[in-house]
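Residue numbers (full-length UniProt numbering): 1 to 688.
Right, one structure below, let's go through it.
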Amino acid sequence: MTTTTTTAAAATPAVVPALAEAVIDQLACGLTNSATFLCERMYAAAPTEKHAILLATCHARADAPYRVVEVLRSCETPAARFMFAKACYDMGRFDEAERAILMPDGSIAGGAKGRYLLGEVCLATDRAKPAAGWFAEALSLDPYLWCAFERLCTLGADEEAAIAMTNAEHVAVPPTPTIAAIVNGFVDGAEARADTHLTAATTALRDVAMDDAAARAQTTPAVGANVTTPAEAPPPTTGERRSSGAATATRRRTTPRNASAATPATPATPAGAIITPGEPPPPPRRRPPQAPSTALRRSSRLSGGSSGGDAALEPTPAPLNSSPQAGAEYGDVEHEGPLLRESVRHPRHPSHHAALSLLRGVAEGVGALAAYRCAEAEAALRSLPPEQLGTAYVQCALGRCRFELGDYAGAADRYAEALRADPTRLEGVDVYSTALWQLRREVELSHLAQRCVSLDRWNPYAWCAAGNAMSLQREHESALRLFRRAIQLEPALPYAHTLCGHERLAVEDLEGAMACYRTALRYDARHYNAWYGLGQCYLRQEKHGLAEMHFRRALEIHPRSSVLCCYLGVSLHKLYRTEEALAVLDSSSLADPLNPLARYEKAHVLMDLSRYEEAIEELEALRDHVAPNEAQVHYQIGRAYKKLGRVDVAMRCFTAALDLKPSSAEASAIRSAIENVESEEGEEVELL
């Protein structure tokens with residue numbers, strides 16, 4: 001018995017190399033359950049911290065963050081603490097994640113990736129300014145962290161993002177050890193991308209492989225190769241969106257989703273309740289830098305249709321125009337841990353400048369789009385190399401540019417091109433379906449919705465497209481159910497909440513609509529669609545002062561929107577500030593000469609000012625070039641001619657309006673106008 005125990009004990013180190021190799025190989029092939037079983041045997045035989053990280057990696061691959069937390073609870077290395085923090089974040093335990101990632105010596109576990117995770121934690125706990133600071137610092141340290149760039153754009157800090165990327169030109173990212181590539185399933189590829197759960201753990205995993213290889217008689221060639229791996233470029237776009245950690249941990253998806261390419265701030269912009277952690281941890285010895293805070297779904301037809309956190313965690317601003325090597329603003333290299341020290345001193349790869357040049361070109365377009373400088377964004381994106389211009393990401397960004405400019409046909413074309421380039425890409429179909437809604441392309445929208453839902457029933461964007469399809473058929477209750485399904489899958493998707501608000505507004509449920517819009521704004525204060533929706537609710541409640549305030553807030557975010565400008569003019573008109581309203585409507589018409597609502601409302605204001613000839617000029621231009629089949633336009637022209645005493649022309653206009661088969665309420669008002677066409681009193685009915 002004693003001899004057997006001794007033999008087993010002596011054999012224990014020998015089983016580890018073979019098990020480690022098998023675990024890595026099976027993780028590469030996606031056989032997570034088998035890899036986990038083998039890794040548990042290895043960890044039982046040799047319970048080291050390196051093996052704990054490999055076991056935690058298996059659990060992370062199995063989408064079991066609670067098991068990652070349990071395995072790594074007592075580990076102290078930076079790689080282990082980063083993985084522990086990421087798992088806590090996925091479970092919605094934001095306080096614990098923040099405490100784990102702030103090392104006792106004041107450094108940040110995970111380097112640039114750790115700073116990015118701290119930014120996500122700050123966002124989840126409603127601390128936008130510290131979050132922007134962490135994202136900017138992460139991007140300065142690692143220019144390939146595209147997710148940090150997109151987050152800065154979502155927060156409205158596109159200029160800070162550009163500065164951070166410029167600073168990052170002097171920082172070379174170290175090669176990712178081969179073990180990360182193997183674990184991610186790219187054994188033979190030199191351009192593997194690191195998994196979120198594995199990126200910070202690669203150093204420790206490499207040590208696992210090296211130590212185990214030393215115990216073997218023969219070294220495995222694949223583990224010894226060097227691979228240069230840029231960081232993954234995720235989350236978003238339109239966006240835009242910030243996911244609840246708890247929801248992310250429990251949600252199962254058949255198809256992984258990256259962030260939308262072209263989600264400026266829609267971010268991103270609302271859904272679900274924000275999880276507020278308890279008392280914040282003690283302030284870190286190194287405090288984060290601070291960055292300054294700085295689609296309309298439907299433009300109605302003519303028928304009318306961040307707070308601060310705890311003061312102890314508020315960051316100290318760090319100048320973004322300083323290089324990370326320059327001094328203590330970004331931390332002393334000697335105290336920032338091995339990952340950052342490697343990133344600063346490692347020699348640049350020959351392709352580093354070319355890669356950064358490409359990223360800066362994309363960043364210029366995406367940053368301008370985030371600030372709704374759509375013409376500038378479109379020009380920057382179209383200047384990209386042809387092979388980049390044809391990708392689904394860039395085509396989605398171009399589609400969003402067209403959408404924000406009110407060119408729904410152009411937007412639909414770009415999104416269709418994106419789907420041709422990548423038929424599996426569903427990010428952006430929420431905006432695509434809204435463009436089709438605006439164009440009243442019922443068959444095309446229905447086909448898009450069926451295609452998206454059949455492709456991935458766990459994707460919230462697919463259900464947004466399905467909801468828009470039902471909305472176009474005036475099935476508002478069915479549309480609401482579908483939008484709620486999207487929210488169930490992604491509680492932090494602002495646009496889904498806004499679409500719910502639009503449907504409730506369509507059935508005159510003003511209180512319900514306002515609740516949806518406010519939920520959206522809890523997740524993304526820059527989601528201008530929700531501000532617009534609240535303004536519409538207040539307009540219908542005849543609270544015109546509040547409507548003006550909300551439309552102005554939306555315009556601060558998207559100052560080039562013709563539709564927002566138009567509704568601001570409407571609210572000013574309702575407040576009897578006619579001259580001011582006329583000036584605003586003039587600017588709306590200049591921003592988009594084809595916006596029918598702007599011309600219509602401008603004509604309405606001119607009539608109130610008794611400038612009937614000018615009103616007729618606007619309305620006839622609208623009738624002849626933009627909206628020839630709108631009964632309201634013909635009706636208003638008739639009213640203007642009657643005011644000028646030209647009763648015969650007024651009668652022809654009223655009759656033409658009636659021939660266009662208006663709604664029953666409109667038809668009743670038009671018949672009343674015809675009956676009283678000779679009267680001085682009795683024709684003051686307005687179509688709403």
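Glycine included, every Cβ here is placed at the ideal spot set by N, Cα and C.
Cβ-Cβ distance between residue i and residue j below 8 Å
i, j, result
"E503", "S454", "no"
"E137", "Y89", "no"
"L480", "C500", "yes"
"Y116", "A64", "no"
"A112", "L72", "no"
"G533", "F551", "no"
"L572", "A581", "yes"
"A87", "A131", "no"
"A615", "L660", "no"
"A469", "L445", "yes"
"A627", "P662", "no"
"L575", "C537", "no"
"D509", "A371", "no"
"A530", "L539", "no"
"A80", "A52", "yes"
"R526", "G156", "yes"
"V584", "L609", "no"
"I637", "E620", "yes"
"A667", "L658", "yes"
"L439", "A465", "no"
"M165", "A354", "no"
"F654", "A640", "no"
Cβ neighbours of residue i in the same chain (closer than 6 Å, five flanking residues each side left out)
i, result
"L381", "G365, V394, A397, L398"
"E618", "R599, K602, A603"
"A392", "A418, A421, D422, R425"
"A520", "P270, P494, H497, T498, H527, A530"
"V15", "A45"
"P442", "Checking the displayed sequence, the identity of residue 442 turns out to be Glu instead of Pro. Taken in chain order, the residues that qualify are L472."
Rounded Cβ spacing between residue i and residue j (contact assumed at less than 8 Å)
i, j, result
"K642", "V677", "7 Å"
"M42", "A20", "6 Å"
"L55", "C75", "Not quite, the Cβ-Cβ distance comes to about 11 Å (not below 8 Å), so this is no contact."
"L436", "A412", "6 Å"
"D592", "G406", "5 Å"
"G361", "L384", "5 Å"
Residues near residue i by beta carbon distance below 7 Å, same chain, minus five either side
i, result
"V507", "H476"
"G390", "A421"
"P277", "For P277, the predicted model reports a pLDDT of 35, less than 50, meaning its position is unreliable and no value from the coordinates is stated."
"Y66", "M91"
Selection from the options that minimises the alpha carbon distance to residue i
i, options, result
"Y635", "C401, A656, R360", "A656"
"F403", "A377, D422, Q388, L54", "A377"
"P460", "A109, R440, V443, F483", "F483"
"R494", "D430, L445, L439, A449", "Note that residue 494 corresponds to Pro in the displayed sequence, not to Arg. The option with the nearest alpha carbon to P494 is D430."
"residue 693", "A492, L546, A547", "Shown here, the chain extends from 1 to 688; a query on residue 693 therefore has no answer."
"G30", "T57, L155, A469, P559", "T57"
"A46", "C464, A449, A18, I163", "A18"
"A85", "G114, L644, S588", "G114"
"Y23", "T36, Q473, A14", "A small correction: the amino acid at residue 23 is Val; Tyr does not occupy that position in the sequence shown. The residue with the shortest Cα to Cα distance from V23 is T36."
"C401", "A640, A375, A164, D126", "A375"
"S140", "D648, Y432, Y415, I163", "I163"
"W463", "Q450, H625, R440", "Q450"
"L555", "P386, Y528, H544", "Y528"
"R151", "P143, D142, A161", "A161"
"E542", "Y517, L384, V570", "V570"
"V633", "R652, S679, D25", "R652"
"E49", "S34, T32, E70, N33", "E70"
Cβ-based neighbour list, residue i, same chain, cut-off 8 Å, excluding 5 preceding and 5 following
i, result
"residue 703", "As displayed, the chain neither begins before 1 nor continues past 688, which places residue 703 out of reach and without an answer."
"H558", "Y372, E404, Y528, L564"
"N629", "L660"
| Going along the chain, which unbroken runs of the alpha helix (DSSP H) with 4 or more residues stay wholly within the segment 81–110? | 94–101
| said: Restricting to runs no shorter than 3 residues, where is the beta strand (DSSP E) found entirely within the segment 510–536? | reply: none
| message | Going residue by residue through the segment 442–480, where are the continuous alpha helix (DSSP H) segments of at least 4 residues, counting only ones entirely within it? | response | 442–455, 460–472
| field | Completely contained beta strand (DSSP E) runs for the segment 587–613, where each covers 3 or more residues | value | none
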